[in-house]
Amino acid sequence: MQQKTVRTRFAPSPTGFMHVGNLRTALYEYLIAKSLGGTFVLRIEDTDQERLVPGAVDVIYKTLEKVGLKHDEGPDIGGKFGPYIQSERKDIYKPYAEQLVREGRAYYCFCTKERLEALHEGKEGEFPGGYDRHCRDLPKEEVERLLESGVPYVIRQRMPIEGSTTFNDVVYGSITIENKELEDQILIKSDGYPTYNFANVIDDHLMHITHVVRGCEYLTSTPKYNLLYQAFGWEVPTYVHLPLIMGKNEDGSVSKLSKRHGSTGFEDLMKEGYLPQTIINYIALLGWCPKDNRELFTLPELVENFSIDGISKSPAVFDYDKLTWFNGEYIRAMSEEEFIQNAMPYFKEVFPDKEMNWKVLASILQPRITKFTQIPEMIVFLKELPDYSTDFFVNKKSKTNLENSVQMLKEALPVLEEINDWTVEVIHDALIGLAQKLEVKNGTLLWPVRIAAAGMLVTPGGAMEILAILGKEESIRRLRLGLEKLGA
RNA sequence: GGCCCGGUGGUCAAGCGGUUAAGACACCGCCCUUUCACGGCGGUUUCACGAGUUCGAAUCUCGUCCGGGUCACCA
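For the first sequence, the working numbering gives the first residue as 676, with consecutive numbering after it.
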């Protein structure tokens, strides 16, 4: 038998903010579709007119584009089952709800928000969702009268009172919930828009979505969806609920990732210097593990290796340390050219006009940084010699002290002055040659040179690289300055 | 609180009735070395607890505890 084409959808609501939890859901939806030769759909769920954020849809497009999650159908590119923005489909939903009313599976509710609020405060927990089903069995005539007189209303789903509803989830297995736990949820709001829960079911069916993939915060409301599918006589999709990504709270506890958890928004992470491919790779592994335990994956490699049975059930804590490590791996894996291209904006931050030996700079930075944003801080010493202490010249391991530092600098200066071809290699050969001639450890010579040139105890790169980047003139100047500092 | 779902080192995790319980991040030490980093080698730290089933349990069952999710005219 011919298998139906797999179709998944990413259905964000445009809040202007995309945190890694949303992104990860989108990623898995993409991976499930693509690994099974299916179709990935983007649908915008903007049924909450009150919380609409202008420009938020662009954030979604931009994010998906940056990480390479290309959708096959969506508002911007169209498709067979459009429109793909729920506000543009507004008229589709109500007839379905009315059909349910006619069949006795839903009903009009005229309760005011005030009444509902009072209900919540009073008899808490007496009814599922806090609603007392006041309008559930209003007489027909009464309903018609209220409808005609234009009293605002919502349409609610009539939940069964007895029995239970069982559904199957690919990750979590079979889950049963007592029907008495289910609230008579609102399907159509008083502004005429559908609720998320309703629009979701209708659209997923109309758009032939085969796999409903979402965070497991929806696990307990899934029976309501199921009942809807059954009421319409529609095929129930395959449910794939994902373990939640957790963020660390200030008190050390963890909870579902949200805006409160510092910079877990995609944009924030980018700003902090994390690469899109790093973020994708890392979050792919938050809740999924490949058969062979590999860790480094490009997006196409993820598609190739992804399988639903590798998804785990337990929540995962978002860990910046590991993210940072991944970022370092990606930076180190770059070609020299690619690295320089990425680093240039940060180079220019420190040296806006000056032409430097970018290649040498890149060579010392590439193995050392985990984020490009670290660059400016690491290279300012090249622009301006820090005010340093002569204590820096003392180092036990290289047997360097104040006295021999003076001697070494005095020996190095003329040798360096001789050099015309100011490159790492030439400087290297000259200094190593000098150390040999003086019969001292390389470190004994190189330590004071490095300190004088950099003015810092800890530097990226060694003495030769620093001299090479500094240029001959500046190098000599700094070495002489070192001598001065040492009172020589 | 009711309901639902989880629980393998600090974190991500492999494991699917018999393993010395993988691997990665982090941490520590050593090597390399002119500092730092990279790289290489090594180390510390784990099956939440209690009963059962079984010749044998991290793996199966039950209970307890702990954690999370959810209970909106939000999604």
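C-beta atoms are modelled at their ideal positions from N, C-alpha and C, and glycine is treated no differently.
Beta bridge counterpart(s) of G1176 as assigned by DSSP: There is simply no residue 1176 to check, as the chain begins at 676 and stops at 1163 in what is shown.
C-beta contact flag for Y806 and L794 at 8 Å: yes
Limits of the unbroken alpha helix (DSSP H) element including V776: 765-777
Status (buried if at least 16 other CB within 10 Å, exposed otherwise) for C964: exposed
Distance between S824 and I884 (C-alpha atoms, nearest Å): The alpha-carbon atoms of I884 and S824 are separated by roughly 40 Å.
Beta-carbon proximity of M1139 to G940, cut-off 8 Å: no
Beta bridge counterpart(s) of I863 as assigned by DSSP: I830, P869
Reduced DSSP category for K923 - H, G, I as helix; E, B as strand; rest coil: Strand at K923.
Opposing strand residues paired with L717 [DSSP bridges]: F685
Buried versus exposed, by CB contacts within 10 Å (16 or more), M676: Because the pLDDT of M676 is 47, which lies under 50, any placement of that residue in the model is unreliable, and the number read from its coordinates should be weighed accordingly. Label assigned to M676: exposed.
Nearest-angstrom Cα separation, counted from L974 out to N1002: 15 Å
I983 in three-state terms, based on DSSP: Looking at I983 - three-state DSSP - the assignment turns out to be helix.
Pick from G890, P912, K946 that is closest to L932, judged by C-alpha positions: G890
DSSP beta-bridge partners of S930: G922
Reduced DSSP secondary structure (H/G/I, E/B, other) of C964: coil
Enclosing beta strand (DSSP E) for I836 [first to last residue]: First-last for I836: undefined, no H or E at that position.
Same chain only: Cβ atoms within 8 Å of T714, ignoring 5 sequence neighbours per side: T680, V681, R682, T683, A708, D747, E748
Distance between T895 and G757 (C-alpha atoms, nearest Å): 29 Å
Residues near A772 in its chain [Cβ-Cβ closer than 8 Å; skip 5 each side]: A781, I830, L862, I863, P869, F873
Terminal residues of the alpha helix (DSSP H) in which H1165 lies: For the chain, the structure presents residues 676 to 1163; residue 1165 sits outside this window and is missing.
The region 1073-1086 touching the region 1122-1138, judged by at least three CB pairs closer than 8 Å: yes
C-alpha gap between A686 and E720, whole angstroms: 6 Å
DSSP-derived helix/strand/coil call for C784: strand
Nearest candidate by alpha-carbon position, reference D1062, set S865, L698, K1160: Considering only alpha carbons, the answer is K1160.
Residues bridged to H886 [DSSP beta-bridge criterion]: T683, T913
Burial state of I752, where buried means 16 or more other Cβ atoms lie within 10 Å: Within a 10 Å sphere around the beta-carbon of I752 sit fewer than 16 other beta-carbons, which makes this residue exposed.
Delimiting residues of the alpha helix (DSSP H) encompassing T953: 951-959
Three-state secondary structure assigned by DSSP to E1148: helix
Helix, strand or coil at N697 according to DSSP, with G and I counted as helix: helix
Which residues DSSP lists as bridging A991, in chain order: Answer by DSSP bridge pairing, in chain order: I920.
Cβ shell of N1079 (< 7 Å), same chain only, five flanking positions each side left out: T1119
One or two residues paired with Y844 in a DSSP bridge: First, the residue type needs correcting, since residue 844 is Asp and not Tyr in the sequence shown. In DSSP, D844 forms a bridge with G848, Y914.
Rounded separation between I850 and L902 - CA only: 14 Å
I1102 to L917 span [Cα, whole Å]: Each residue's Cα considered, the two are about 57 Å apart.
Residue range of the alpha helix (DSSP H) that includes I1044: Here I1044 belongs to no alpha helix (DSSP H), and DSSP marks it neither H nor E.
Distance between beta carbons of I920 and G1168, contact taken as under 8 Å: Residue numbering for the chain in the displayed model covers 676 to 1163; residue 1168 lies beyond these limits and cannot be assessed.
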